[in-house]
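Worksheet: one structure, shown below.
Residue numbers (full-length UniProt numbering): 1 to 708.
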């Protein structure tokens, strides 16, 4: 017969043997038992033969009392051992005896602690007692039973434990009589124990399955003793199966958590705290489920198939990514589920959620990388197809409908293939970004179209400086912009945008066109460019008539004051047109203000000392234009226009002065020519010369003399 060696779990001072229990679990392979195990503890008076009974029943090797040394404490603390050749895996626990003289005053405290530990940890508690104690008020077993019942009533909810009373040294008294008497004693002791406020006279049977057996004297009837012990041993075979000794037990925890559970329970007991077994159960489940979850997360993180997928996705989309990763994840989640199935459901579910969350965090970067590849490839494909089709002369809106739909279908299929089944992720962020980029491609096309239609023509119109310049610009702006907006709206239907989104982007196109117009207008409003155009306009108007003929070639006299005034008016028109952007076509007084102030000079010079108090202030001394539309955008402030005009007058003054000098010279030449002609006419043989030829010759002589 193989004897299993015992290990001290808790020493006489109450110290829990953590390392010893760890070695015990490894040596006996207890943890591999799962739920197929039972724990049997024995309590009773000192030197009542507890260790002997355990050794004989379970083939253990607990230390026994030496009869020749008298009654003394043999077992100190709590010992455990594996029961040999019993199915299921059974652990025997031998407890220090009660009413020990060695402990003295400490006896009661340790007795209660060890009894509470036995009731909390064991499936079956053997109560070893002398059969002669039954019915005796001062029997040694009565304080022990009272302690057991106090503990059960105070700290435990109704939860059945099996109490197996073993009546030692049984002789002739009928067992049935002893059973009846013992049950009466038990009921009396149970009733005498004070009830907690939370428990109203709960019957004994709600807490215990009471079993009673008897054994003959070990020394006087050894053979019979061993025979009946063998029968008792058989009661522990298949004890956890239906109909077995503890076949109705509930809420069993896996054997792997026995060390953690036992240590935590003993710690609470030693700290004199109320033992809350449900809380201990949750704590054990929390710790163990976390350990299992961490193990599965680590296994997943370093799984070879996962690492291959993670590496492959860096280079581009991987076909079947979602299904493959989901399958790997499911493998480890299923392993977790199998290993925690017997722990508290709420705890294991929570830790499963944490495991899944942590595992998905490991996957997320690879998933996002794959979607980014899909997004980038789709954008590139869309642009390439659209460009090729446009080069072939196809209609743009038709191409947008065709390629946007086909590219979105391909993208959605790729995202579906990448989906992780255990997650709630979706590709909406990347899909939205993809649509946004396609729309941006369209917007860029229509902005380019607007720019091409407006840029040069607006520049030309601003350069022309005609009265209808802003009306022409508005017509150009509205016609081309609205055409682009209309075409964009038709194309945008392909993306299932709502009307507000289409309106927003359409407004962006209009803003682009308006910004372009404003930019061109500001470029044209550059002081140097404005001054140059004004000078060119003045030169053309001053030096040529309405038929573009230079007045230098004319023989008729012209009114230079009138010509100068007309030329100044034409130049001033350029300044007034460029002073502000007229988007709405509303009439304004800018040209009139400029004309009256700069050409007519009807506004008095405020610097003159004789300016009277009621004189009208100079409107060109202001920062803003009065009486203009709120939609008008100022390009040149009134004071800027005044400054430009002064520079302009300074620039064209030599031209006007030269023209006046030339006109005076012509007059003198005509007078000289007329006198010469008259003198020649009276001489004989005089050659008749036409007046025009004479004038032109005189002008040529005059100009040549000025150059010299």
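Beta carbons are placed, not taken as given, at the ideal position from N, Cα and C, and that holds for glycine.
Fair warning: this is a prediction, and the values are worked out from it, not measured in the lab.
Reducing DSSP to helix, strand and coil, say where residue 423 ends up. Locating residue 423 in the chain shown gives position 423, where the first residue counts as 1. Three-state result, residue 423: coil.
Using 8 Å as the threshold, is the segment 39 to 46 in touch with the segment 123 to 132, meaning 3 or more CB pairs across them? yes
Would the beta-carbon of residue 525 fall within 7 Å of that of residue 635? Numbered from 1 along the chain shown, position 525 holds the residue referred to as residue 525. Numbered from 1 along the chain shown, position 635 holds the residue referred to as residue 635. Cβ distance < 7 Å, so residue 525 and residue 635 count as in contact.
Give, in chain order, every unbroken run of the alpha helix (DSSP H) that is at least 4 residues long and sits entirely within the segment 247 to 327. 258 to 270, 277 to 301 and 304 to 312
Just to check my reading of the structure: residue 633 and residue 581 have Cβ atoms closer than 8 Å, yes? What is that Cβ distance to the nearest angstrom? Position 633 of the chain shown holds residue 633. Position 581 of the chain shown holds residue 581. That pair is a contact at about 4 Å.
Rounded straight-line distance, which links the Cα of residue 578 to that of residue 435: Working through the chain shown from its first residue, we reach residue 435 at position 435. Working through the chain shown from its first residue, we reach residue 578 at position 578. Cα-Cα distance, rounded: 41 Å.
For the beta strand (DSSP E) holding residue 211, just list the boundary residues, first then last. Start at 1 with the first residue of the chain shown, and residue 211 comes out as number 211. First-last of the beta strand (DSSP E) with residue 211: 208 to 214.
Excluding the five sequence neighbours on either side, which residues of its own chain have a C-beta within less than 6 Å of the C-beta of residue 462, listed in chain order? Counting from 1 along the chain shown, the entry for residue 462 is found at position 462. Answer for residue 462: 524, listed in chain order.
Could you tell me whether the segment 312 to 325 touches the segment 249 to 260, using the rule of 3 or more Cβ pairs below 8 Å? no
For the candidate residues 386, 369, 371 and 281, whose alpha-carbon lies nearest to that of residue 345? Position 345 of the chain shown holds residue 345. Cα-wise, what sits closest to residue 345 is 281.
Return the Cβ separation of residue 78 and residue 10 in integer angstroms, given the expectation that the two are a contact with Cβ distance under 8 Å. On the chain shown, position 78 is the one that residue 78 refers to. On the chain shown, position 10 is the one that residue 10 refers to. With 8 Å as the limit, residue 78 and residue 10 qualify as a contact, their Cβ atoms being about 4 Å apart.
How would you label residue 638, buried or exposed, when you count the other beta carbons within 10 angstroms and need 16 or more for buried? Mapped onto the chain shown, residue 638 falls at position 638. Buried is the call here.
Given 8 Å as the limit, is there contact between the segment 394 to 413 and the segment 481 to 498, that is, 3 or more CB pairs closer than that? yes
Do residue 94 and residue 38 have their C-beta atoms within less than 7 Å of each other? Translated into positions along the chain shown, residue 94 becomes position 94. Translated into positions along the chain shown, residue 38 becomes position 38. Cβ atoms of residue 94 and residue 38: not closer than 7 Å.
Of all the options 457, 480 and 479, which has the alpha carbon lying nearest to the alpha carbon of residue 469? If you number the chain shown from 1, residue 469 lands on position 469. Comparing Cα positions, the closest option is 457.
Beta strand (DSSP E) segment containing residue 168, residue limits: For the purposes of this step, residue 168 is taken as residue 168 along the chain shown, with counting starting at 1. Residues 161 to 168.
Quick one: residues in its chain with C-beta nearer than 8 Å to the C-beta of residue 341, no 5 flanking neighbours on either side, listed in chain order? Here residue 341 refers to the residue found at position 341 of the chain shown. Contacts found: 348.
Following the continuous beta strand (DSSP E) through residue 130, name the residue where it begins and the one where it ends. The count along the chain shown starts at 1 and reaches residue 130 at position 130. 124 to 130 is the extent of the beta strand (DSSP E) around residue 130.
Could you check the C-alpha separation between residue 377 and residue 506 for me, to the nearest Å? Here the question's residue 377 lines up with position 377 in the chain shown. Here the question's residue 506 lines up with position 506 in the chain shown. Distance between the alpha carbons of residue 377 and residue 506: 27 Å.
Measure the C-alpha to C-alpha separation of residue 235 and residue 359 and round it to an integer number of angstroms. Here residue 235 refers to the residue found at position 235 when the chain shown is read from its first residue. Here residue 359 refers to the residue found at position 359 when the chain shown is read from its first residue. Distance between the alpha carbons of residue 235 and residue 359 is about 47 Å.
With distance defined between alpha-carbon atoms, name the residue in 209, 221, 213 and 276 nearest to residue 247. Here the question's residue 247 lines up with position 247 in the chain shown. Ranking the options by Cα distance to residue 247, first place goes to 209.
Alpha carbon to alpha carbon, what distance is there between residue 657 and residue 595? Counting from 1 along the chain shown, the entry for residue 595 is found at position 595. Counting from 1 along the chain shown, the entry for residue 657 is found at position 657. Computed Cα separation, rounded: 22 Å.
Closest to residue 343 by C-alpha separation, out of 261, 365 and 385, would be which residue? By 1-based counting over the chain shown, the position of residue 343 is 343. Looking at the Cα atoms, 261 is the closest of the given residues.
Residue range of the unbroken alpha helix (DSSP H) whose run includes residue 372: Taking the first residue of the chain shown as 1, we reach residue 372 at position 372. Unbroken alpha helix (DSSP H) run through residue 372: 345 to 391.
Taking the straight line between their C-alpha atoms, what separation do you get for residue 204 and residue 120? On the chain shown, position 204 is the one that residue 204 refers to. On the chain shown, position 120 is the one that residue 120 refers to. If you take the alpha carbons of residue 204 and residue 120, they lie about 17 Å apart.
Proximity winner among 382, 396 and 375, relative to residue 429 (alpha-carbon distances): Along the chain shown, one-based indexing puts residue 429 at 429. The shortest C-alpha separation from residue 429 is found at 375.
Report yes or no: do three or more beta-carbon pairs, one from the segment 302 to 310 and one from the segment 395 to 404, lie closer than 8 Å? no
Given residue 449 as reference, the closest of 625, 328 and 483 once Cα atoms are compared: For the purposes of this step, residue 449 is taken as residue 449 along the chain shown, with counting starting at 1. Cα-wise, what sits closest to residue 449 is 483.
From residue 165 to residue 295, what distance separates their C-alpha atoms? Taking the first residue of the chain shown as 1, we reach residue 165 at position 165. Taking the first residue of the chain shown as 1, we reach residue 295 at position 295. Cα to Cα, residue 165 sits roughly 44 Å from residue 295.
In the DSSP assignment, what residue or residues form a beta bridge with residue 81? For the purposes of this step, residue 81 is taken as residue 81 along the chain shown, with counting starting at 1. Partner(s): 92.
For residue 622, is the classification buried or exposed, using 16 other Cβ atoms within 10 angstroms of its Cβ as the cut-off for buried? As a position in the chain shown, residue 622 is number 622, starting the count at 1. It is exposed - the Cβ of residue 622 has fewer than 16 other Cβ atoms within 10 Å.
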